[in-house]
Ligand code: ES4
Ligand code: ZN
């Protein structure tokens, strides 16, 4: 359609993307062969077919297993380079990418392996693709706060590559309040702050992320709609919510895209935008997330343009850079 063509062609920013969630079955298969790792799948197609989830945890189990094929610097280069090539295809001109250090350090793969791999892909993308990239170091919330603090300290040699600190993994039972000290340290070191909240967890977790962690953005946040006082706060302070429609569908946060509240949140005056989260696992990159909204939620042109302008205004780009795109 004309609207889909417009969405495809407009320059966009992506603010909620896990690099480990861009691992395509083909690359997973090839790296397993390369490192002689036995996968519990008989073919590339069998990997794809296994991507049916009941909730966040059933996805995370496969996502951490998949990440186990990432072993050397070149694997991390290939992973990052493949996603940045997708950005060019999708007219994503700026992306703020989360990576989970603990998913790798827990397996004995250190910062000296994954950061240089990421750096080479990012430098090459800057030069050859014209894509700008910020990195968000994300703590795994199912692990301890001490582990998060250690993870932040171990990143010190690479601080110049990192813009923000985030919080992801199993939300229920791991409230933001568990990470108050870790986030205070990150803030004192000058990092921007984000946290997943209100994906599966209640509005109270969004309040904690705002009041205790002092985040600049909320990742997901779709359950905020259950709390009118929270909605008023998010609107007044224009706290960005990085919403991920296909993710919410695949993890059964919503039963159908036609039930998704992203357009309601937008029309209530909240600063929401569209993101792909873990595109390899959830069945689409950024444009496919927009197309699902066009097909199932009758997204109109005005709303699409507003969602895209929000992707820049909610980014961590300096104001001068934002102005170029707004
Ligand atoms: C994630 Cl969708 C989602 N939620 C929480 N943690 C994550 N890590 C990767 N994808
Ligand atoms: Zn996420």
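In full-length UniProt numbering, the protein residues as written are 8 to 333.
C-beta: ideal position from N, C-alpha, C; glycine also.
To the nearest angstrom, how far is it from the Cα of residue i to the Cα of residue j?
i, j, result
"residue 244", "residue 321", "12 angstroms"
"residue 251", "residue 328", "24 angstroms"
"residue 125", "residue 270", "34 angstroms"
"residue 129", "residue 140", "7 angstroms"
"residue 180", "residue 8", "43 angstroms"
"residue 106", "residue 59", "23 angstroms"
"residue 99", "residue 294", "9 angstroms"
"residue 136", "residue 94", "9 angstroms"
"residue 304", "residue 96", "24 angstroms"
"residue 326", "residue 241", "21 angstroms"
"residue 301", "residue 175", "28 angstroms"
"residue 161", "residue 108", "10 angstroms"
"residue 123", "residue 223", "27 angstroms"
"residue 313", "residue 46", "43 angstroms"
"residue 144", "residue 53", "31 angstroms"
"residue 286", "residue 32", "11 angstroms"
"residue 333", "residue 315", "9 angstroms"
"residue 18", "residue 87", "20 angstroms"
"residue 4", "residue 323", "Outside the shown range of the chain (8 to 333) lies residue 4, about which nothing can therefore be said."
"residue 307", "residue 30", "31 angstroms"
Is residue i near ligand 1, going by C-beta to nearest heavy atom under 7 angstroms?
i, result
"residue 206", "yes"
"residue 28", "yes"
"residue 248", "no"
"residue 287", "no"
"residue 272", "no"
"residue 58", "no"
"residue 219", "no"
"residue 86", "no"
"residue 154", "no"
"residue 70", "yes"
"residue 254", "yes"
When you measure from the CB of residue i to every non-hydrogen atom of ligand 2, does any distance come out below 7 angstroms?
i, result
"residue 107", "no"
What residue range does the beta strand (DSSP E) around residue i cover?
i, result
"residue 146", "139-147"
"residue 248", "248-250"
"residue 226", "224-227"
"residue 297", "From DSSP, residue 297 is part of no beta strand (DSSP E) but of the alpha helix (DSSP H) over 293-304."
"residue 175", "169-175"
"residue 99", "99-106"
"residue 20", "19-25"
"residue 279", "279-281"
Under DSSP, the alpha helix (DSSP H) around residue i begins and ends at which residues?
i, result
"residue 202", "Residue 202 -> not in any alpha helix (DSSP H); beta strand (DSSP E) instead, spanning 199-204."
"residue 187", "187-195"
"residue 328", "326-332"
| Which residues count as close to ligand 2 when the rule is a CB under 6 angstroms from any of its heavy atoms, in chain order? | 23, 25, 175, 203, 226, 284
| query | Per the contact definition of three or more C-beta pairs closer than 8 angstroms, is the stretch 22-33 in contact with the stretch 282-292? | reply | yes
| field | Cβ contact (3+ pairs, closer than 8 angstroms) linking the stretch 247-265 and the stretch 224-234 | value | yes
| Is the stretch 189-209 in contact with the stretch 71-90, if contact means three or more CB pairs nearer than 8 angstroms? | no
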